[in-house]
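The UniProt record's numbering applies: residue 1 is where the sequence shown begins, and numbers increase by one.
Note that the Cβ used here is the ideal one computed from N, Cα and C, for glycine as well.
Accompanying notes for the structure given below.
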Amino acid sequence: MEPLYGPIRDYAWGSRSAIAELQGRPVPSPGAEAELWLGAHPGAPATVERAGTRVSLTDVLAAEPEPWLGRPVVNRFGSRLPFLLKVLAADAPLSLQAHPDAKQARAGYASDAARPEGQRNYVDPYHKPELLVALSPFEALCGFRDPAESAEALAAFGLPELEPVVGALASGVSGLRTAVRTLLTWPQDERAELVTAVVKAPADGPDAALARDLAGTYPADPGVLVALLLHHVRLAPGEAIWMPAGNLHAYLRGTGVEIMAASDNVLRGGLTPKRVDVDELLRVLRFEVLDEPVWSAQRLGPGVDRWQVPVDDFVLHRVTVGAELPAAELPVDGPRVVLCVTGSVRVDDGTGPLSLSAGEAAIGRADAGPLRIGGSGTVYVASCTVA
1 MEPLYGPIRD YAWGSRSAIA ELQGRPVPSP GAEAELWLGA HPGAPATVER
51 AGTRVSLTDV LAAEPEPWLG RPVVNRFGSR LPFLLKVLAA DAPLSLQAHP
101 DAKQARAGYA SDAARPEGQR NYVDPYHKPE LLVALSPFEA LCGFRDPAES
151 AEALAAFGLP ELEPVVGALA SGVSGLRTAV RTLLTWPQDE RAELVTAVVK
201 APADGPDAAL ARDLAGTYPA DPGVLVALLL HHVRLAPGEA IWMPAGNLHA
251 YLRGTGVEIM AASDNVLRGG LTPKRVDVDE LLRVLRFEVL DEPVWSAQRL
301 GPGVDRWQVP VDDFVLHRVT VGAELPAAEL PVDGPRVVLC VTGSVRVDDG
351 TGPLSLSAGE AAIGRADAGP LRIGGSGTVY VASCTVA
């Protein structure tokens, strides 16, 4: 194992305390810190040390793909790390968004090659399913809920202009596409009036409270109403949500460990000042009810949990060592990234032990042995399931 140094993305919705506190730096940080990236995506690759110099992990993997990634991973994914591990820290809502599946990503990336850079939707040809495990209380909008519930929520505002949307939702799942398209293509010069009417309506309850909360940040965005078509999920620390490709979602606030396929393809529909392409978003969305966005971990033994998802790009383990479990061994295959989130631990894969404190990370090669973890603390271990 060797230390891995991740860049921090400074998106405006980021926290000025969460990542700094995790890494033991002064709080507040000088600016917003939204995501700590621990991977090899070319948009913001992590680095390792070589002869006293920080070197991009992307370059290291390209120079020695098989020792680092293993032949099965290279055969399946090419000479690239197939997953990206992050710490996500949101103090304000992220955009309403979805990610493409593998086929859509390849086609979209090829099609975008002829477009000017500012008009492209796809930055790479890969899909982006993702899993997030809460480190703090975490709030998110995840996947479509029962349209009948959404119809009731919108009807409660008593606005005649919303009746066509309510009617579409009342018809069931078949009306979801119409409802979403109608809201996201609402006439530009009437959006502020619509959101103002929603805020002033004498509706109460959690749906009305959510709409008013979002309208405080986005007072002229019909995404405020699209949000009410989604599950409103509140995670306790240690709980997780799984977002397959094509599911509309928005993270609202909180800190979590996020793992995803190594892609940065994001199709936005609202609640953002960034570029929105409603037609492309509608093309990739799955207009179906997501029965349960919360994804349970498997307990493998005392102090060891695993989140196994239905893709082979990544699997995530959490290991807590201390008085009850002085040491643990994980027989992970392929490349592995370890992030310490509490305490101080020692990690060793047969190449020599490495100490990690909270906020520090390490990477290990595929040609190393099982991962052994000791000390007192909690780590998250990202790897993949290709063998």
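Query	Result
Assigned exposure category for Arg145 - 16 Cβ within 10 Å defines buried	buried
For Glu324 and Thr377, the rounded distance between their alpha carbons	According to the sequence displayed, residue 377 carries Gly and not Thr. So the alpha carbons of these two residues sit roughly 11 Å apart.
Extent of the continuous alpha helix (DSSP H) to which Arg212 belongs	206-217
Secondary structure of Tyr122, DSSP reduced to three states	coil
Residue environment, Glu49, which counts as buried when at least 16 other CB atoms sit within 10 Å	exposed
Local Cβ density within 10 Å of Pro187, reported as buried at 16 or more and exposed below that	exposed
Residues that DSSP places opposite Val257 in a beta bridge	Val87, Val133
Close beta carbons around Ala148, own chain, < 8 Å, minus the five adjacent residues each side	Leu169, Ala170, Gly172
Runs of beta strand (DSSP E) wholly within the region 229-290 (minimum 3 residues, chain order)	230-235, 240-243, 249-261, 267-270
For Val224, the first and last residue of its enclosing alpha helix (DSSP H)	223-226
With 16 other Cβ atoms within 10 Å as the buried cut-off, status of Ser296	exposed
Straight-line Cα distance separating Val379 from Pro326	14 Å
Candidates Thr182, Gly350, Gly246, Pro100, of which the one nearest Gly143 by Cα	Gly246
Distance, Gly78 Cα to Glu21 Cα	36 Å
Residue burial classification, Pro129 (beta-carbon count within 10 angstroms, cutoff 16)	buried
For Val347, the nearest candidate out of Glu33, Ile373, Leu210, Pro335 (CA to CA)	Ile373
Proximity below 8 Å, CB of Gly334 to CB of Cys384	yes
Beta-carbon proximity list for Ala32, same chain, < 8 Å, skipping 5 on both sides	Asp10, Tyr11, Ala12, Trp13, Gly14, Ser15, Arg16, Asp91
Coarse secondary structure for Thr182, derived from DSSP in three states	helix
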